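From first to last, the protein sequence lines stand for chains A and B.
Following the working numbering, the numbering of the first sequence begins with 21 at its first residue and continues without gaps.
Following the working numbering, the numbering of the second sequence begins with -17 at its first residue and continues without gaps.
Below is one structure, written out as structure tokens; comments come after it.
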Amino acid sequence: MSTYLLKRFIAMIITLWLIVTGTFFLMHSVPGSPFNEERTTNAAIQKNLESYYHLDEPLLVQYGNYLKALVKMDFGPSIKKSSQTVNDLLGRGFPVSFELGFYTLILAILSGITLGVIAALRHNGIIDYLAMSIAVLGISIPNFVMATFLIEQLAVNFPIFPVATWSSPSHMVLPILALATGPMAIIARLTRTSMLEVLTQDYIRTAKAKGLSPVKIVFKHALRNALLPVVTVLGSLAASILTGTFVIEKIFAIPGMGKYFVDSINTRDYPVIMGTTVFYSGILILMLFLVDLAYGVLDPRIKLHKKEAK
Amino acid sequence: MELLKYEERNISPEIPDEWFVPKARNNQAAEAVVRPSLSYWKDSWHRLLKNKLAIAGMVFLVFLAILAIFGPLISPHSVETQKLTMQNLPPSSEYWFGTDDLGRDVFTRTCYGARISLFVGLMAALIDFLIGVVYGGFSGYKGGRTDNLMMRFVEILYGLPYLLVVILVMVVIGPGLTTIILALSITGWVGMARIVRGQVLQIKNYEFVLASKTFGTKTARIIRKNLLPNTMGPIIVQMTLTIPSAIFAEAFLSFIGLGIQAPHASWGVMANDGLSTILSGYWWRLFFPTLFISLTMFAFNVLGDGLQDALDPKLRR
């Protein structure tokens, strides 16, 4: 177990380092300096600016400095938003994005599992087909399409919820719904498939033969085992929710990290792009790691250090 | 088989003994196959035909392909011509899907969007296929340390957030159709490589591969002739599921302004344009591109599901 953990941890660090290195050199391979477009700056000011941001040093030195700063969780300054650091932006945006992502994940998991269980229990019935049709639709409709649809219907045509921003619970409903549909659909399908498989197992028959109530069989015996595959996709679901927040935050004008990210892309604010990418990747890789751990804890049959042989 | 006398069989004597004559056996006739033999592909095809949703998806995709190829040709309006007197007209017999704020025909632009979406999806799937099959096939066939090393690399790439990488590449190289495809391919092939490698790892131990080896067949030929045809099922399924995710990625990128650029028509661009006018009530500008994105992804998804069931009946849900 501990050797596996160590191995996974090292792999995690390597992946992160690759991302940092990749982003760094990609960003610095873009032709031109970030200050080129301001034509009014004269050569002296330009030089001062570059030395202030350490852009006049050799690339490898800059890279070393960036790595050193990163270890201390310092993402550097923003170039386009003067006197602000990437840390400021992250500090302001992350709590909002986290809130959005967290509620979305909770909603997706709860509704997805419910839908999947009901579909499995009514296998090949009308409810099953209905639930699975909803699920395929949910997978097929991109989140930004869902968002625009929700705005059009529930904010413009029938003004039940506010159109944009993030200030009260009623503001949160539409963005969370829009973002949760896709993950919910994936969870629902997975839950259904694995529920169907688990329900044919011998221990379920034993439980039935013992005369346990159906509720107990479903929740205590079937669902616990059926949820394992769902846990495995949580990592990649978190990734899709995370990238989903970019566009959702943009559409709903939510002041989160994703909005800063998209804005920084549009204004070509390279340190911010770099910082947010690294930050996002860090979170995602950590999520994948935690999911792996959780999987090992939830399913004692899987010995983590033997996973390689599987 | 020895025939018993009827007394011993205890059957009523009305049935004469002569009736029980062993049928003349024709060894050749016994060997003849009466039912037409179904190849794996024909069998799968029959299974697929039973899946109505998947067939509906396929029909829609054929329709979409026709629309993408011939739509702009039959439409009297061009994609980029701006008629400022014809702004934001609702759908009519002249403009089937209405016009946008520059007076461009939304129907023609939707057809162009279909071209771009299908092209991106197919190219991404094709490139994933080429790289993934070569990489995964080699890794799985070699096995041992080579495999271990190659798969480590894949694992690291697999951990990268897909859309984030794509966005990064788009930022650096700059938006455009080729860059989208390039960006999608950088990490996209990893999934295919994993699938192919897993399949090859399993199949390479089968006897027919051993037989091939003992005949002295070259490695490349074994991979091409013995291993790949037997992994085609999962590969095809993976490809059908890559296409919608590539189409989604293109629409997503175009929507946030990183994909196809302004004068060109892409569903993502059109949806973004349409969203900004949502309060003015020009619903058709948002409705048609988003409808087509969703329907296309839906069609590919149900077709992929159907193919999965058809090609691998063991996995049937």
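C-beta atoms are modelled at their ideal positions from N, C-alpha and C, and glycine is treated no differently.
Remember, it's a predicted structure, so these values are computed and weren't measured experimentally.
Asked: Exposed or buried, H241 (chain A), counting other C-beta atoms within 10 Å across all chains shown (16 or more means buried)?; Found: buried
Asked: Can you check which of these residues, A:G231, A:T201, A:A246 and A:R209, is closest to L219 (chain A) by C-alpha distance?; Found: A:A246
Asked: Quick one: using the 10 Å Cβ neighbour count with 16 as the cut-off for buried, is E172 (chain A) buried or exposed?; Found: buried
Asked: Determine whether the beta carbon atoms of L87 (chain A) and V40 (chain A) lie at a separation below 8 Å.; Found: yes
Asked: Would a check of beta-carbon distances place Y72 (chain A) closer than 8 Å to chain B?; Found: no
Asked: Identify the continuous alpha helix (DSSP H) that holds T90 (chain B) and give its terminal residues.; Found: V88 to K124
Asked: Secondary structure at P115 (chain A), three-state DSSP: helix, strand or coil?; Found: helix
Asked: I'd like the span of the alpha helix (DSSP H) that includes M252 (chain B), first residue to last.; Found: W249 to S258
Asked: Determine, for I268 (chain A), whether the minimum Cβ-Cβ distance to residues of chain B falls below 8 Å.; Found: no
Asked: Which residues in the same chain as L237 (chain A) place their Cβ atom closer than 8 Å to its Cβ, once the five residues preceding and following it in sequence are excluded?; Found: The sequence shown places Ile at residue 237 (chain A), not Leu. Cβ within range, chain order: I224, A227 and K228.
Asked: Can you tell me whether P157 (chain B) is helix, strand or coil according to DSSP?; Found: coil
Asked: Just to make sure I have the definition right: I need the residues of chain A whose C-beta is within less than 8 Å of the C-beta of F230 (chain B). Which are they?; Found: P162
Asked: For P97 (chain A), list the residues DSSP reports as bridge partners.; Found: A:T105
Asked: For K27 (chain A), which residues from the same chain have a beta carbon less than 8 Å from its beta carbon, with the 5 sequence-adjacent residues on both sides left out?; Found: none
Asked: Could you work out which residue in A:V183, A:K279 and A:I206 is closest to S258 (chain B) when comparing CA atoms only?; Found: A:V183
Asked: If you draw a straight line from the C-alpha of A292 (chain B) to the C-alpha of L135 (chain A), how long is it?; Found: 25 Å
Asked: Compare the Cα-Cα distances from W237 (chain B) to each of A:P275, A:M277 and A:V282 and report the closest residue.; Found: According to the sequence displayed, residue 237 (chain B) carries Phe and not Trp. Comparing Cα-Cα distances from F237 (chain B) to each of A:P275, A:M277 and A:V282, the minimum goes to A:V282.
Asked: Take the Cβ of T196 (chain B) as the centre, count every other Cβ of all protein chains shown within 10 Å, and call the residue buried at 16 or more, exposed below.; Found: exposed
Asked: Roughly how many angstroms separate the alpha carbons of W265 (chain B) and Y140 (chain B), rounded to a whole number?; Found: 40 Å
Asked: Considering only the beta carbon of each residue, do I159 (chain A) and G132 (chain A) sit closer than 8 Å?; Found: no
Asked: Which residues in the same chain as L104 (chain B) place their Cβ atom closer than 8 Å to its Cβ, once the five residues preceding and following it in sequence are excluded?; Found: I225
Asked: Verify the CB distance criterion: does F79 (chain B) have a CB-CB separation below 8 Å to chain A?; Found: no
Asked: How many Å lie between M294 (chain A) and F44 (chain A) at the Cα?; Found: 7 Å
Asked: When the Cα atoms are used, what is the spatial distance from S49 (chain A) to I163 (chain B)?; Found: 20 Å
Asked: Beta-carbon separation of L36 (chain A) and F299 (chain A) under 8 Å?; Found: no
Asked: Does DSSP put T185 (chain A) in a helix, in a strand, or in coil?; Found: coil
Asked: Of all Cβ atoms in chain B, is any one closer than 8 Å to the Cβ of A229 (chain A)?; Found: no
Asked: Along chain B, in chain order, which residues have C-beta atoms closer than 7 Å to that of L157 (chain A)?; Found: F280
Asked: How many angstroms separate the CA atom of T272 (chain B) from the CA atom of L131 (chain B)?; Found: 43 Å
Asked: So what's R299 (chain B) in DSSP terms, helix, strand or just coil?; Found: Annotation note: pLDDT 41 at R299 (chain B) (below 50); position unreliable, no value reported.
Asked: Please identify the residue among B:L285, B:V115 and B:G170 whose C-alpha is closest to the C-alpha of L35 (chain B).; Found: B:L285
Asked: Within the 8 Å Cβ cut-off, does V106 (chain A) reach chain B?; Found: no
Asked: Measuring straight from C-alpha to C-alpha, what distance separates D(-1) (chain B) and A12 (chain B)?; Found: 26 Å
Asked: Is T81 (chain B) helix, strand or coil by DSSP?; Found: strand
Asked: How far does the alpha helix (DSSP H) with R17 (chain B) in it reach, from first residue to last?; Found: Note, R17 (chain B): premise wrong, no alpha helix (DSSP H); not H, not E.
Asked: Since A277 (chain A) and G113 (chain A) should fall inside the 8 Å C-beta cutoff, what is the C-beta to C-beta distance between them, to a whole number of angstroms?; Found: Residue identity differs from the one stated: residue 277 (chain A) is Met in this sequence, not Ala. M277 (chain A) to G113 (chain A), Cβ: 4 Å. Contact.
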